[in-house]
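Numbering (my numbering), first residue to last: 1163 to 1564.
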């Protein structure tokens, strides 16, 4: 199917936040279903915002639903010449998440330099054969290459391609730097390139826990390997596969952070939330989904301020006292239960008792004069979710007669 590009106001695309993704133009790629649109960003020319319009029926036809959009940022060089390889479904609302890893085959090159930085960036993949292009001037046999102002010697691992430019086989991080090609006679700089090497991101590994139930779900993620390039993360979520409200931003504490928070969660819903994390760097994108039921991921933080005290005239007992975690907002309405783990100094195996609903406990049957180490863990009283990690250790010795 032939694909044509026409101007469009991108009416259905999500509106970028002010100042973050300034839109210059929006192009609508026709001839495919679902419809694909893209916004070109003037201040970040190697990025584009990709809008997927998932309207599956003609207006007035049975099953027609209003158009909706999903979004992700991808390197614009990965979009060059790209078709719209998105399948369709007869579902009344598409939640099929398109995991299209649009990656640059070898390199992404910034469009131009700026007055502040005259070195256009070229991002290339580690381990690939990197070509730094420079046209040979008319009448010249070749060009002179320099890296970080030092002449590049032709060697077995650095080859000069007379017509195309400088080739770096199996490029490594040691070959990053500022490259320039010069006229062999006059020394005039013909082109400058700042080479940065790395890898496209892998799929993020996601964890979500309701540590502040019922108010907030906190999510974190990490990449499977170091990509050696600045990587941004787009965090969006929806409640349910056919959610009418579309996707909502999962709030990150700072741009590029690998964590986010979901507020105002719906309690006791059997409809799962789905978190969508897309990792983006100049060489590609990768997306992971994390579905969850809020009550299934309850995990409080550890109890706080654990105190171990001797009880006067009780040589075989210790008083334990602690507080619910400060991040647990409503312990009077959503109470916790607690496990206690203790061990006598000099012995190898701890003993675990509980659960108990109160925030104090008396250990009995202890050895007089021995030192005991104690920790406490918390869990939602209704037994949803998991126990917290163990609290920091506190120690004490039973009372002894002076």
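Cβ coordinates follow ideal geometry from the N, Cα and C atoms, glycine included.
Predicted model, so just to flag it, every value in this text is computed and none were measured.
Practice task
Please name the residue or residues paired with residue 1401 in a DSSP beta bridge.
Solution key: 1435
Problem - Euclidean distance between Cα positions of residue 1467 and residue 1283 - result: 52 Å
Practice task
Note down the Cα distance separating residue 1523 from residue 1425, rounded to an integer number of angstroms.
Solution key: 34 Å
Practice task
Count the CB pairs spanning the stretch 1365 to 1380 and the stretch 1286 to 1304 that are closer than 8 Å, and state whether there are at least three.
Solution key: no
Handout entry: Reference residue 1314, options 1303, 1342 and 1290, closest by Cα
Key = 1342
Practice task
Along the beta strand (DSSP E) that carries residue 1390, what are the first and last residues, could you check?
Solution key: Looking at the DSSP string, residue 1390 is not in any beta strand (DSSP E), and its letter there is neither H nor E.
Exercise for the section: Kindly say whether residue 1498, judged by its beta-carbon, lies nearer than 7 Å to any beta-carbon of chain D. Expected result: This model lacks chain D altogether, as it is built from one protein chain only.
Practice task
Can you grab the Cα-Cα spacing for the pair residue 1345 / residue 1331, in whole Å?
Solution key: 24 Å
Practice task
With a threshold of 16 other CB atoms inside 10 Å of the CB of residue 1438, please say whether the residue is buried or exposed.
Solution key: buried
Handout entry: residue 1347 (DSSP reduced to helix, strand or coil)
Key = coil
Handout entry: Buried versus exposed, by CB contacts within 10 Å (16 or more), residue 1395
Key = buried
Practice task
Starting from residue 1381, follow its DSSP beta bridges and name the residues at the other end.
Solution key: 1370 and 1422
Practice task
Only counting runs of 3 or more residues, tell me where the beta strand (DSSP E) segments fall wholly within the stretch 1431 to 1517, in order along the chain.
Solution key: 1435 to 1443, 1446 to 1454, 1466 to 1473, 1476 to 1485 and 1498 to 1506
Practice task
Look up residue 1538 in the DSSP assignment and give the residues it is bridged to.
Solution key: 1502
Practice task
Provide the residue(s) that pair with residue 1293 in DSSP beta bridges, ordered along the chain.
Solution key: 1329
Problem - Close beta carbons around residue 1302, own chain, < 8 Å, minus the five adjacent residues each side - result: 1345, 1346 and 1347
Practice task
To the nearest angstrom, report how far apart residue 1489 and residue 1472 are at their CA atoms.
Solution key: 29 Å
Practice task
Could you spell out the range, first to last residue, of the beta strand (DSSP E) harbouring residue 1650?
Solution key: The structure shown has nothing for residue 1650, since the chain only spans 1163 to 1564.
Practice task
On the DSSP bridge assignment, give the partners of residue 1341 in chain order.
Solution key: 1309 and 1355
Exercise for the section: In angstroms with no decimal places, state the Cα-to-Cα distance between residue 1534 and residue 1556. Expected result: 8 Å
Problem - residue 1485 to residue 1517 span [Cα, whole Å] - result: 15 Å
Handout entry: For residue 1543 and residue 1520, the rounded distance between their alpha carbons
Key = 11 Å
Handout entry: Buried/exposed call for residue 1104, threshold 16 Cβ in 10 Å
Key = Since the displayed the chain opens at 1163 and closes at 1564, residue 1104 lies outside it and no answer follows.
Practice task
Run the CB neighbour count on residue 1350, radius 10 Å, all protein chains shown included, and call it buried at 16 or more, exposed below.
Solution key: exposed
Problem - Reference residue 1423, options 1414, 1431, 1429 and 1456, closest by Cα - result: 1414
Handout entry: Simplified DSSP state of residue 1557, which is helix, strand or coil
Key = strand
Exercise for the section: Can you tell me which of the three DSSP states residue 1335 falls into? Expected result: helix
Practice task
Please determine, among 1355, 1393 and 1354, the residue with the shortest C-alpha to C-alpha distance to residue 1365.
Solution key: 1393
Problem - Pair within 7 Å by beta-carbon distance, residue 1450 and residue 1560 - result: no
Problem - For residue 1283, the first and last residue of its enclosing beta strand (DSSP E) - result: 1283 to 1287
Practice task
Determine the DSSP secondary structure at residue 1360, reduced to helix, strand or coil.
Solution key: strand
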